[in-house]
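I have placed the structure first, in the form of structure tokens, so that the comments after it can refer back to it.
There are 4 protein chains.
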Amino acid sequence: MPTLKELQETLSEIINNRYFELFMMGIIIFSAMLIGIDTFELKPIYQDIIFTLDHVITIVFLIEISMRITTYSKISDFFRDGWNIFDFIIVIMSLIPIDSNHSAIGRLLRIFRVLRIITIIPELKMIINSLFRASKSIGYVLILMFVIFYIFAVVGTVLFADAPSHLWDDIGVALLTLFRVMTFEGWTDLMYESMEIHPTSWIFYVSFIFLTTFTFLNMIIGIILDSLNEEHKEQDEKEHTKILKELLEQNRILIDKVERLERS
Amino acid sequence: MPTLKELQETLSEIINNRYFELFMMGIIIFSAMLIGIDTFELKPIYQDIIFTLDHVITIVFLIEISMRITTYSKISDFFRDGWNIFDFIIVIMSLIPIDSNHSAIGRLLRIFRVLRIITIIPELKMIINSLFRASKSIGYVLILMFVIFYIFAVVGTVLFADAPSHLWDDIGVALLTLFRVMTFEGWTDLMYESMEIHPTSWIFYVSFIFLTTFTFLNMIIGIILDSLNEEHKEQDEKEHTKILKELLEQNRILIDKVERLERS
Amino acid sequence: MPTLKELQETLSEIINNRYFELFMMGIIIFSAMLIGIDTFELKPIYQDIIFTLDHVITIVFLIEISMRITTYSKISDFFRDGWNIFDFIIVIMSLIPIDSNHSAIGRLLRIFRVLRIITIIPELKMIINSLFRASKSIGYVLILMFVIFYIFAVVGTVLFADAPSHLWDDIGVALLTLFRVMTFEGWTDLMYESMEIHPTSWIFYVSFIFLTTFTFLNMIIGIILDSLNEEHKEQDEKEHTKILKELLEQNRILIDKVERLERS
Amino acid sequence: MPTLKELQETLSEIINNRYFELFMMGIIIFSAMLIGIDTFELKPIYQDIIFTLDHVITIVFLIEISMRITTYSKISDFFRDGWNIFDFIIVIMSLIPIDSNHSAIGRLLRIFRVLRIITIIPELKMIINSLFRASKSIGYVLILMFVIFYIFAVVGTVLFADAPSHLWDDIGVALLTLFRVMTFEGWTDLMYESMEIHPTSWIFYVSFIFLTTFTFLNMIIGIILDSLNEEHKEQDEKEHTKILKELLEQNRILIDKVERLERS
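Quick note, the sequences are listed as chains A, B, C and D, same order. Under the numbering used here, the letters of the first sequence match residues 1 to 264, in that order. Under the numbering used here, the letters of the second sequence match residues 265 to 528, in that order. Under the numbering used here, the letters of the third sequence match residues 529 to 792, in that order. Under the numbering used here, the letters of the fourth sequence match residues 793 to 1056, in that order.
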């Protein structure tokens, strides 16, 4: 009988095997396709097939995650990586039993399996990681954006409380309406309606669009500059600086030599 | 009894205390939430509570700004910083008495208190400052944009004076209509209406969209380049130049040494 | 009696005088305001005043351009600068007599006077010049964009010839319709209409939006990169290179000295 | 009789002749214009002229591609260049006989001739090539985008299956609907409809817009950074590094000299 360590090594080899990775990617894509096909009106016989296949996929996912947990000497080590927790939750969620007459909850939980494609493809992981890093630097701009939204929402509820469209009834509705204005979707209809109440309310809309567009632009430029700076720092440490440091070193040697000459 | 200077030092300590800052931030957020809740239909009892809490908040704000003014040896020094004036105006504005039957003016003035979140969080201050700096360099592009808008507005009033939508009646309405066209909101409806009057008026719309999009793009690129240049200048003075200057210095010493050698 | 040269010098002094420039800027802005006011419904008395003031402005413009032409020793030198030709055409155009009952042509020609604000403010001139430079590098992308538009327009006329909206009747209308699709204005209405004829015509719209968005993005990035490169070249010749060249020079001197030492 | 090699040289000279290139460009533009004119309602006589001219153009294209193939010593060499295959397919496609009563297929195939303008103008070729290079680096972002679309599409079909607009009936329709939401075209109408079914479904729309906008922005920034990096690498190898390497070389000589001095 193999020891635990031997088992861990064998499992680790299997998991990192290129064909096993392709197999898992295939399972994820196949699972996504099943969920997609399931959205069409199907004959009961096909629904049963999908139902059975879905169970098989759930079991494959369960086996894979068990294998990955086993390779860790301590289970707590497995849960130290955010992506492992992410995978674990997705697998656990799809364990919730779905009956064959298609509860909405079951189908919604299964769809998140598609997200496992991110943990399988390392490049996607990197993109998500870089998105998170960028989101830190834009957090404050989002706060600023929210302040602008909040102030305009309250002003909107005060000024256009009697609007027949009921789009400024309370701050919740008003925030959603402002989000709509920000996407330019039918904002002039809202403005013309508001101008019936207050003829100068175009100022409200135009200034809101100006402020949000300006802040949004600032956010984009901020992200570009941050990314450029990071890249710059990495590059700076390469070529030029290496040559410059070599030059410095050489010069020090030269000065030493000349000094010795002088003394002699 | 403490002298004025001792009092100023104590107040300065309190104001810069981390917990006091968090307390003020809490008050601002709480104040914003009260204003938000007030936009919903509420029972009179809740309205009374909000009314009372609002008075308390006004007093807290008044005390805080008084404390900050006191820490300055001259009152005029306090008003030298733009952000202090900004805070002062917000606090003064919310002193305007609001009666409990909710005048619109009172509620509008109170909402600007939310803006105090900007002066509390230094990062937001920095973003606003950088926005102002950027806005200088785009001022001329905005003038150019206005010239384009103005010319097209007059041309629009001349060509489409008889449009049934009354959106080209005078230059004021025409400018607002052009702003609508620039956001692409229902611009084709306007164009089809205009083409009933002048079949070639699509040239008007297409050229306007081209010109404004192009100018807008130019503005964005201008901001990006300006920001990049500023960063570059700061960086340039660092790493490389430092090493290069050290090299120059070393070389001068070397030349000196060799010259002395030569002479001897 | 003053010689021509003395006259030219005096005129040149007047033209470059700061107050004269401000006066001309004031005249241009005043002229723009008159044209703007004229778009409102006015009493005949005000219309007469505007009519008279307009004549005065025309004469002022004529005098100014005559003065500027006189300062050149050869008239052909004046027309060598594109901006001078630009000013000249604007002034000549506003000479076309407008009768007091407001012909549309006369009012349209007068509005172009507003463009003279560009030649008065040097910063605006610079922006326009840089726009022209950038437009060179994006010319080819515009050709590519036109090829995409042309192909999709022909395909549209072939596939959707029977569309009830008559928006695909011939290539001219189809190009305008595609421009509308590119601005996303009501493009889904068009798509749903087309899908009645050919159920798969969503491919037409989605691929068109993908291609144009992608090409447009490429154009923006091209402009940014071009602008960055130009700036880089200018900067490169500054700080670093100067120090590096100085270092090279110093080293050459050093080598010379050591050689002389060697020989002796 | 000329040998094959002499013939190849003569053909090669003709093809690379500036006037021949302009002639071919003229033929392509003329061909595009014919196709454009053909979209208008024409008298039968004009249709016959276009039909004849079209045959002539087909023959010219056929001769030109034959000439280009002949210049290659091996035919397989011709097909090694992607652009040659591109040209070849376009010419072959337009050989498919079109009868004079205008089959749609024939007219659709002919329009792709316009694409030959890309292979004639080298700058357009370069732009397309750079688009392909950029598309590699954004491939993964597109996968991520598709994952987001897929998940939201399934969630949409589950939640809004009973929507009267039938825009969430199956995953295919839902994906198209989401593309529409991403372009902001009438997305609020969809949201208000969905909120009749589930009052909190605004979360679905707002989060979808946030996620796709954020991913899209990330893609743009990715392209900009990639392009900048490539340019940087090319530039780095130029000016500075050249001077730095010269300096290193000089210093080595200097050290040698001083060492020799020391020994002597």
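Glycine residues also receive a C-beta, built at the ideal position from the N, C-alpha and C atoms.
Please tell me whether residue i has its Cβ less than 7 Å away from any Cβ of chain B.
i	result
Leu272 of chain A	Because chain A in this structure spans residues 1 to 264, residue 272 of chain A falls outside the shown range and cannot be described.
Ile255 of chain A	yes
Asp162 of chain A	no
Thr711 of chain C	yes
Val154 of chain A	yes
Ile645 of chain C	yes
Leu521 of chain C	Absent from the structure is residue 521 of chain C, since the part of chain C shown begins at 529 and ends at 792.
Does the separation of the CB atoms of residue i and residue j fall below 7 Å?
i	j	result
Val418 of chain B	Ile563 of chain C	yes
Phe146 of chain A	Phe208 of chain A	no
Ala560 of chain C	Val642 of chain C	yes
Val973 of chain D	Ala104 of chain A	no
Glu387 of chain B	Tyr140 of chain A	yes
Thr911 of chain D	Asp869 of chain D	no
Phe474 of chain B	Leu442 of chain B	no
Thr52 of chain A	Leu144 of chain A	no
Leu22 of chain A	Thr71 of chain A	no
Ile96 of chain A	Leu109 of chain A	yes
Val258 of chain A	Lys521 of chain B	yes
Asp830 of chain D	Ile849 of chain D	no
Leu518 of chain B	Ile255 of chain A	yes
Ile857 of chain D	Ile223 of chain A	no
Met719 of chain C	Tyr733 of chain C	yes
Leu1009 of chain D	Ser227 of chain A	no
Looking at the C-beta of residue i, does it have a partner C-beta in chain D at a distance below 7 Å?
i	result
Ala104 of chain A	yes
Ser628 of chain C	Any reading at Ser628 of chain C is ruled out, since the residue's pLDDT is 49, under 50, leaving its predicted position unreliable.
Leu695 of chain C	no
Ile679 of chain C	yes
Leu672 of chain C	yes
Ile35 of chain A	yes
Compare the C-beta of residue i against all C-beta atoms of chain C and say whether one is closer than 7 Å.
i	result
Glu1051 of chain D	no
Phe832 of chain D	yes
Ile347 of chain B	The amino acid at residue 347 of chain B is misidentified as Ile; the sequence shows Trp. Chain C contact via Cβ: absent.
Val906 of chain D	yes
Is the shortest distance between the beta-carbon of residue i and the beta-carbons of chain G less than 7 Å?
i	result
Ile666 of chain C	No chain G is present in this structure, whose protein chains are A, B, C and D.
When the cut-off is 7 Å and only beta carbons count, does residue i lie next to chain A?
i	result
Thr949 of chain D	yes
Asp516 of chain B	It should be pointed out that residue 516 of chain B corresponds to Arg in this sequence rather than to Asp. No, because no Cβ of chain A sits closer than 7 Å to the Cβ of Arg516 of chain B.
Leu982 of chain D	no
Glu387 of chain B	yes
Ile375 of chain B	yes
Ile963 of chain D	yes
Arg444 of chain B	yes
Thr1013 of chain D	Note on identity: in this sequence residue 1013 of chain D is Ile, with Thr being the wrong assignment. Closer than 7 Å: yes.
Leu286 of chain B	no
Val852 of chain D	no
Asn809 of chain D	no
Leu271 of chain B	no
Arg397 of chain B	no
Leu372 of chain B	yes
Taking 6 Å as the cut-off, is the CB of residue i close to at least one heavy atom of the ligand ZN?
i	result
Ile127 of chain A	With respect to the ligand ZN, the structure offers nothing, as it holds no ligand at all.
Would you be able to state if there are at least three C-beta pairs under 8 Å between the stretch 696-704 of chain C and the stretch 914-925 of chain D?
-> Output reads no: the stretch 696-704 of chain C does not touch the stretch 914-925 of chain D.
Which runs of the alpha helix (DSSP H), 4 residues or longer, sit entirely within the stretch 288-376 of chain B?
-> Qualifying alpha helix (DSSP H) stretches, in chain order: 308-335, 339-342, 346-357, 368-375.
Would you call the stretch 283-298 of chain B and the stretch 319-334 of chain B in contact, with 3 or more CB pairs under 8 Å?
-> The answer is yes - the stretch 319-334 of chain B touches the stretch 283-298 of chain B, with three or more Cβ pairs under 8 Å.
Would you call the stretch 186-196 of chain A and the stretch 463-470 of chain B in contact, with 3 or more CB pairs under 8 Å?
-> Cβ pair count under 8 Å is below three, so no.
With a floor of 4 residues, list each alpha helix (DSSP H) that falls wholly inside the stretch 385-426 of chain B, ordered by position along the chain.
-> Entirely contained in the stretch 385-426 of chain B, the alpha helix (DSSP H) runs reaching 4 residues are, in chain order, 386-423.
Which runs of the alpha helix (DSSP H) spanning at least 4 residues fall entirely within the stretch 427-457 of chain B, listed in chain order?
-> Listed in chain order, the complete alpha helix (DSSP H) runs (minimum 4 residues) inside the stretch 427-457 of chain B are 435-446.
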